[in-house]
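The letter at position 34 of the sequence shown is residue 132 when you use my numbering, and the numbering goes up by one with no holes.
Input: a single structure, listed below in structure tokens.
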Amino acid sequence: MKPYNFYAGPSILDPAVIHAANRALDNTNDLSILERSHRGKEVQTLFSQTKSMLKELMQLSDDFEILFLHGGARLQNCMVPYNICTKSSANYIDTGTWSTKSFEESVLIRDSKIIASSADKHYSYIPKELNWDGQGYLHITTNNTIHGTQFHNFECTSQGVVVADMSSDILSREMNFKAFGLIYAGLQKNLGTAGGTLVIIKKELLEDLPKVPSMLNYKQHVKNDSMLNTPPVFAVLMCKLVLDWMQKEGGLTAIENRNKLKSALLYDAIDSLDAFEGFAQKEDRSLMNVTFKLNDSSREESFNLLLKQENIIGLNGHRSKGGYRASLYNQLPLTHVEHLVKVMRKFSQM
Ligand SMILES: *Cc1c(COP(=O)(O)O)cnc(C)c1O
């Protein structure tokens with residue numbers, strides 16, 4: 099029987115998306131899109147359709163460029179500091195692992211500083227006080243995949259250029275996407291499979307870029323319409339099929355409502371059952387990655403055994419952190435959370 103998969107990344111995919119991919123790749127009677135030239139109309143159409151769907155879902159104006167690049171979210175950790183607002187120092191909010199890595203890469207490239215951090219409490223919250231003068235750019239990680247915290251307030255975007263790593267919560271909720279200078283996300287969590295990165299960049303930031311090698315240069319990628327080299331066609335195809343699926347599910351509002359329902363159900367179990375304890379501070383809890391532990395850690399082995407018996411996988415916390423983490427990405431159905439909560443109830447009565 100197919101397991102209940104709460105893995106943090108790559109994410110679960112809806113069967114309808116996989117079926118659509120199978121149909122799209124069938125080459126029995128004709129070439130599939132993976133065999134076609136990226137200069138040809140099929141691939142061009144795929145890219146332009148995917149871009150316009152994203153534009154519509156995110157309500158982006160023509161002031162933004164949309165790119166599909168290689169290298170995952172982590173290549174952006176160096177592309178951003180190489181290219182963006184290079185005349186002032188780069189500012190980072192340190193909310194744990196991924197944001198720390200982003201900062202460490204920037205330090206190699208330019209003057210960079212951490213202007214707020216939640217390291218003092220093991221990254222269990224989102225810092226509210228910012229010490230930023232609006233110069234350079236501010237880098238935030240909107241959802242902290244490993245610690246289970248999430249930004250719910252974006253007042254910082256009114257001050258200057260905000261760059262956001264949205265890898266683990268992109269298109270999980272309505273947001274004012276236009277307020278950001280640059281957004282990036284690996285495609286393998288809410289947008290399909292690994293192999294591609296979505297980058298959305300405000301055109302005005304492209305005006306005054308320094309000289310950097312072409313593969314690291316946003317302007318070069320824009321000029322070449324994401325086809326500076328052979329583009330990640332399969333990852334973009336999967337992204338398009340996920341966006342089709344989102345539309346059928348009722349769009350961003352419907353997805354957000356379901357995400358709220360799923361996370362509320364699980365947090366309610368964590369708060370109401372004696373056996374469990376949440377990690378993140380309540381007001382900063384993530385709707386995507388729910389982190390918790392057992393009140394009595396000596397029972398971990400029996401909880402793990404029960405999870406196995408109940409066909410639940412991917413619930414272990416990140417290797418750096420321990421405890422448990424349930425990832426509730428867009429394509430994870432409510433029934434999976436209902437099953438997990440039932441199992442947690444059962445465990446707390448054992
Ligand atoms: C998964 C993840 C990454 C790493 O993404 P890659 O595409 O594997 O480089 C970076 N940031 C966040 C917030 C993530 O969740």
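Beta carbons: idealized from backbone N, C-alpha and C, even for Gly.
These figures come from a predicted structure and were not determined experimentally.
Annotation: L438 to V340 spans about 25 Å, alpha carbon to alpha carbon.
Counted as a single uninterrupted DSSP element, the alpha helix (DSSP H) harbouring K317 occupies residues Y316 to K321. Going down the chain, each residue whose beta-carbon is closer than 6 Å to a heavy atom of ligand 1 shows up: G107, G170, A171, R172, W196, T239, T243, D263, S265, S266 and G284. Taking all protein chains shown into account, T143 has fewer than 16 neighbouring C-beta atoms within 10 Å of its C-beta and is therefore exposed.
By the Cβ neighbour-count rule, H245 is buried, with 16 or more other Cβ atoms within 10 Å of its own.
Non-local beta-carbon contacts of M156 in its own chain, meaning distances under 7 Å to residues more than five positions away in sequence, involve F275 in chain order. Assigned with DSSP and collapsed to three states, R383 falls in strand. Excluding the 5 residues flanking it on each side, G290 has same chain C-beta neighbours closer than 6 Å at M336, C337 and V340, in chain order. Taking a contact to require three or more Cβ pairs closer than 8 Å, the segment 298-310 and the segment 276-284 qualify as touching. In the structure shown, H237 falls within a strand segment according to DSSP collapsed to helix, strand and coil. According to the DSSP assignment, A333 belongs to no beta strand (DSSP E) but to the alpha helix (DSSP H) extending over V331 to K346.
If you ignore the 5 residues before and after R356, its C-beta comes within less than 7 Å of the C-beta of L432, all in its own chain and listed in chain order.
Where V260 is concerned, the enclosing beta strand (DSSP E) starts and stops at V259 to D263. Contact between the segment 252-259 and the segment 201-212 is not established, with fewer than three Cβ pairs separated by less than 8 Å. For N357, the enclosing alpha helix (DSSP H) begins and ends at G349 to S370. F249 places its beta carbon 8 Å or farther from that of I268.
In this chain, the beta strand (DSSP E) harbouring S210 covers S210 to S215. Cα atoms of L430 and H319: separation of roughly 33 Å, rounded to the nearest angstrom.
The three-state secondary structure of N402, taken from DSSP, is helix. Using a Cβ distance threshold of 8 Å, S425 and A106 count as a contacting pair. About 6 Å separates the Cβ atoms of V260 and I238, confirming a contact at the 8 Å cut-off.
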